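To start, the structure under review is shown below, and the notes come after it.
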Amino acid sequence: MSCLATNDWICGEYLRTRSQELTDATLQHVGITVVSVLIGLVVAVPLALIARARPRFAGPVLGLTTVLYTVPSLAMFSLLLPLFGLSAALVVTGLVMYSLTILVRNTLAGLQAVPAEAREAARGMGYGPARLLWEVELPLALPALMAGIRMATVSTIALTTVGSIVGRGGLGNLIEDALPSFFKAQVLTASVLCVLLAVVADLLLLGLQRLLTPWTRIRVAGGAG
Amino acid sequence: MGVVSEAWGWLATGANWSGDGGVWHRLGEHLYVSGVALAVACAVALPLGLFLGHRGRGGALAINVSNVGRAVPVFAVLALFMVSPLRNAGYLPTIVALVLFAVPPLLTNAYVGMREVDRAVVEAARGMGMSGGQLFRKVELPLAQPLVMTGLRSAAVQVVATATIAAMVGQGGLGRIITAGFNTYNTPQVVAGALLVAVLALLVEAVLVGVGRLLGPGRPAPVREDRGPLRKTV
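Protein sequences, first through last, are from chains S and W.
Under the numbering used here, think of the first position of the first sequence as 3, with each following residue one higher.
Under the numbering used here, think of the first position of the second sequence as 49, with each following residue one higher.
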């Protein structure tokens, strides 16, 4: 008797016969996550720069993103339904709102933690505002920014599953489809893949962070020795 | 703006508030599972977090439980419960899932709150001859309180949001108004349900911020970028 017929939790036959379906769902999941975090980043960095340059805006910007963050995802997606209909754009827009909160806060915290001496030294060497930002402030804020990107990515991967309410939830779609027939192997496989995706994404971003900020490791190594 | 006025119309219709599928009944379910889950989570996580923080042990567990919690989708956990025998146990699968997602912020913040109490203050208290219990009650607990409240707020918002997702696996709560609207292509009802859920979450947040200020020693809990309120899994 096959494990599909007996509805086992773990089923090799399921993996073999539905590999295409699993791949498609995983790709949709990754696509939605990557697009959401990238758009979040493109919006968050300028917002953080504005909030820093004009402290008057900092309060409202942080307040608004916190309010958005408090709205549960199912409600967020539902509120966007009249604007976007049943589309991937709806899910991406909702997820961008959430990643914004984390990214704005971390970028702002990173920029504010840049030592004043570093800024002064760069100005003394004749750096203009743009070069100061690009060559001194952003690199020094990078560890905080990368920490934000990692957190935003991991929670976006988890939240994408809720997109199955409009049929665009990546692996969440497989979970939803499996519920009416209590299809254990499909629910378990899709759930495990979600967690694996989050772990792999976190490790890849950690690796990227190390590549981009080699000086942080030298300092740690020097301090230890 | 047509949908907004239609959603308002849905909310203004008395019939939508009464009966088994009505707003009052769904709100009651929502508050019941949320309240029970939050109470259980507090009873488990707060003593553990405070004790580990007091003893200065188990930090890796207390911190990492939050990171792991963030990577696990609420929808997946609820779905796993609903394809297991637990599905026949009424509200139990929802409550267990809610507890699982409420424990990490409570545990992490209680632990961090205790650990971040100024060591000089702790040493001074010991020097004055305070016992471990006195130190815990009179020094560490009051100083850790703002972060413990941050954890409670974060857990409460998490629980209210998680209870919404329960509707996606056929469990009760306010989310059912949304899913029922999706099933019948009734967009005004979807928006009306979403407004109710969003208002409930924001109310819970606002009330707990207020409670924290009333209890607190006059300074708001610091916003933590790396842990605490910023953990979204639902």
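The beta-carbon is built from N, C-alpha and C at its ideal position, and this holds for glycine as well.
If you're wondering where the values come from, they're calculated on a predicted model, not measured in any experiment.
Taking one C-beta from the segment 154-169 of chain W and one from the segment 184-191 of chain W each time, how about it: are there three or more such pairs within less than 8 Å? yes
Within the segment 79-134 of chain S, ranges of the alpha helix (DSSP H) (whole runs, at least 4 residues): 90-114, 118-126 and 131-134
Reduced DSSP category for W:VAL165 - H, G, I as helix; E, B as strand; rest coil: Residue mapping note: residue 165 of chain W aligns to position 117 of the second sequence, counting from 1. Coil, per DSSP.
W:MET178, enclosing alpha helix (DSSP H) - first and last residue: As a working note, residue 178 of chain W is residue 130 in the second sequence. Taken as a continuous stretch (DSSP letters only), W:MET178 belongs to no alpha helix (DSSP H), as it is neither H nor E.
Run through chain W and tell me which residues come within less than 7 Å of S:THR72, C-beta to C-beta. Taking the first residue of the first sequence as 1, we reach residue 72 of chain S at position 70. Those are VAL205, ALA249, LEU250 and GLU253, listed as they occur along chain W.
Give a yes or no on contact between the segment 164-179 of chain W and the segment 72-89 of chain W, applying the rule of three or more CB pairs nearer than 8 Å. The segment 164-179 of chain W vs the segment 72-89 of chain W: no contact.
Can you tell me whether S:GLY225 is buried or exposed, with buried defined as 16 or more other CB within 10 angstroms of its CB? Walking along the first sequence from the start, residue 225 of chain S turns up at place 223. Confidence in S:GLY225 is poor, its pLDDT being 46 and thus under 50, which makes the residue's placement unreliable; the coordinate value appears in the next sentence. Exposed.
Here's a check: name, in chain order, each residue in its chain whose Cβ is nearer than 6 Å to the Cβ of W:ARG201, leaving out the five neighbours to either side. Locating residue 201 of chain W in the second sequence gives position 153, counting from the first residue. Within the same chain, W:ARG201 has close Cβ partners LEU256.
S:ILE167: contacting residues in chain W (beta-carbon distance under 7 Å): Here residue 167 of chain S corresponds to residue number 165 of the first sequence, with the count starting at 1. Neighbours of S:ILE167 in chain W, taken as residues at a C-beta separation under 7 Å, are given in chain order as MET216 and PHE230.
Using CA atoms only, rank isn't needed, just tell me which of W:THR227, W:MET197, W:LEU222 and W:VAL207 is closest to W:VAL261. Residue 261 of chain W sits at position 213 when you count from the first residue of the second sequence. Looking at the sequence provided, one finds Arg at residue 261 of chain W rather than Val. It is W:MET197 whose Cα lies nearest to the Cα of W:ARG261.
Beta-carbon of W:THR142 versus every beta-carbon of chain S: anything under 8 Å? As a first step, residue 142 of chain W must be located in the second sequence, where it is residue number 94. No, its Cβ sits nowhere closer than 8 Å to a Cβ of chain S.
Would S:LEU97 pass as a contact of S:THR162 if the rule is Cβ separation under 8 Å? If you number the first sequence from 1, residue 97 of chain S lands on position 95. If you number the first sequence from 1, residue 162 of chain S lands on position 160. In this structure, S:THR162 lies closer than 8 Å to S:LEU97 by Cβ.
I'd like to know whether the C-beta of W:SER114 is nearer than 8 Å to at least one C-beta of chain S. In the second sequence, counting from the first residue as 1, residue 114 of chain W sits at position 66. With 8 Å as the cut-off, W:SER114 does not count as an interface residue toward chain S.
Between the segment 149-178 of chain W and chain S, which residues of the former have CB atoms less than 9 Å from a CB of the latter, in chain order? none
Own chain partners of W:VAL113 with C-beta closer than 8 Å, once the 5 adjacent residues on each side are dropped: By 1-based counting over the second sequence, the position of residue 113 of chain W is 65. If we look at W:VAL113 and ignore the five residues flanking it on each side, its Cβ neighbours are VAL151, PRO152, LEU155 and THR156.
Is there a C-beta anywhere in chain W that falls below 8 Å from the one on S:THR163? Position 161 of the first sequence, counted from the start, is the residue given in the question as residue 163 of chain S. Taking Cβ atoms only, chain W reaches closer than 8 Å to S:THR163, which makes this a yes.
Checking 8 Å against the spacing of the C-beta atoms, do S:ALA200 and S:VAL156 come in under that value? By one-based count along the first sequence, residue 200 of chain S stands at place 198. By one-based count along the first sequence, residue 156 of chain S stands at place 154. Contact flag set, yes.
I'd like to know whether the C-beta atoms of S:SER193 and W:LEU128 end up nearer to each other than 8 Å. Residue mapping note: residue 193 of chain S aligns to position 191 of the first sequence, counting from 1. Residue mapping note: residue 128 of chain W aligns to position 80 of the second sequence, counting from 1. Yes, these two residues count as a Cβ contact at 8 Å.
Using the beta-carbon count (16 or more within 10 Å), is S:LEU214 buried or exposed? Taking the first sequence and counting its residues from 1, one reaches residue 214 of chain S at position 212. In this structure S:LEU214 is exposed. Its beta-carbon is surrounded by fewer than 16 other beta-carbon atoms within 10 angstroms.
Answer with yes or no whether the minimum CB distance from W:GLY83 to chain S is below 8 Å. Counting from 1 along the second sequence, the entry for residue 83 of chain W is found at position 35. Not one chain S Cβ lies under 8 Å of W:GLY83.
Report the rounded CA-to-CA distance for S:VAL39 versus W:ILE226, giving the unit in angstroms. For the purposes of this step, residue 39 of chain S is taken as residue 37 along the first sequence, with counting starting at 1. For the purposes of this step, residue 226 of chain W is taken as residue 178 along the second sequence, with counting starting at 1. Computed Cα separation, rounded: 26 Å.
Decide if the segment 69-83 of chain S is in contact with the segment 200-219 of chain W; the criterion is three or more beta carbon pairs, one per stretch, under 8 Å apart. yes
Closer than 9 Å by beta-carbon distance: list the chain S residues that pair up with W:LEU59, in chain order. Here residue 59 of chain W refers to the residue found at position 11 of the second sequence. Per Cβ cutoff of 9 Å: no residues; W:LEU59 is ~14 Å from chain S at best.
Cβ separation of S:LEU43 and W:VAL239, assumed to be a contact under 8 Å, to the nearest whole Å: Numbered from its first residue, the first sequence carries residue 43 of chain S at position 41. Numbered from its first residue, the second sequence carries residue 239 of chain W at position 191. W:VAL239 and S:LEU43 do not touch by the CB rule: their CB atoms are close to 29 Å apart, not below 8 Å.
For W:ILE111, name the three-state secondary structure that DSSP assigns. The residue you call residue 111 of chain W lines up with position 63 of the second sequence. Here W:ILE111 sits in helix by DSSP.
Any contact between the segment 129-142 of chain S and the segment 112-120 of chain S? By contact I mean 3 or more CB pairs, one from each, below 8 Å. yes
Buried or exposed by the 16-neighbour rule on C-beta atoms within 10 Å, applied to W:ASN231: Against the second sequence, residue 231 of chain W aligns to sequence position 183. When all chains shown are included, W:ASN231 counts as exposed.
Does S:ILE177 have its Cβ less than 8 Å from a Cβ in chain W? Residue numbering aside, residue 177 of chain S sits at position 175 when the first sequence is read from its first letter. Output row for S:ILE177: interface = yes.
Output yes or no for whether 8 Å exceeds the beta carbon distance between S:THR109 and S:LEU66. What you label residue 109 of chain S is simply residue 107 of the first sequence in a count that begins at 1. What you label residue 66 of chain S is simply residue 64 of the first sequence in a count that begins at 1. No. Outside cutoff.
Neighbour-count burial assignment, S:MET127, 16 or more Cβ in a 10 Å radius: Locating residue 127 of chain S in the first sequence gives position 125, where the first residue counts as 1. Exposed, because fewer than 16 other Cβ atoms sit within 10 Å of the Cβ of S:MET127.
Tell me, to the nearest whole angstrom, how far the beta carbon of W:ALA110 is from that of W:LEU100; I am working on the premise that it is less than 8 Å. Taking the first residue of the second sequence as 1, we reach residue 110 of chain W at position 62. Taking the first residue of the second sequence as 1, we reach residue 100 of chain W at position 52. Yes, they are in contact, since the Cβ atoms of W:ALA110 and W:LEU100 sit about 6 Å apart, within 8 Å.
What are the residues of the segment 179-198 of chain S that lie near chain W, defined by any Cβ-Cβ distance shorter than 8 Å? ALA180, LEU181, PHE184, PHE185, LYS186, VAL189, LEU190, ALA192, SER193, CYS196 and VAL197
Closer than 8 Å, CB to CB, is S:PRO84 near chain W or not? Stepping through the first sequence from its first residue, residue 84 of chain S is reached at position 82. So yes, S:PRO84 belongs to the interface.
So which residues of chain S does W:ALA26 contact, with C-beta pairs closer than 7 Å? The requested residue 26 of chain W is not part of the displayed model; chain W covers only 49 to 282.
Where S:LEU6 sits in the DSSP three-state scheme: Start at 1 with the first residue of the first sequence, and residue 6 of chain S comes out as number 4. DSSP places S:LEU6 in coil when its eight states are reduced to three.
Please report whether the beta-carbon of W:VAL238 lies at a distance below 8 Å from any beta-carbon of chain S. Taking the second sequence and counting its residues from 1, one reaches residue 238 of chain W at position 190. Chain S contact via Cβ: present.
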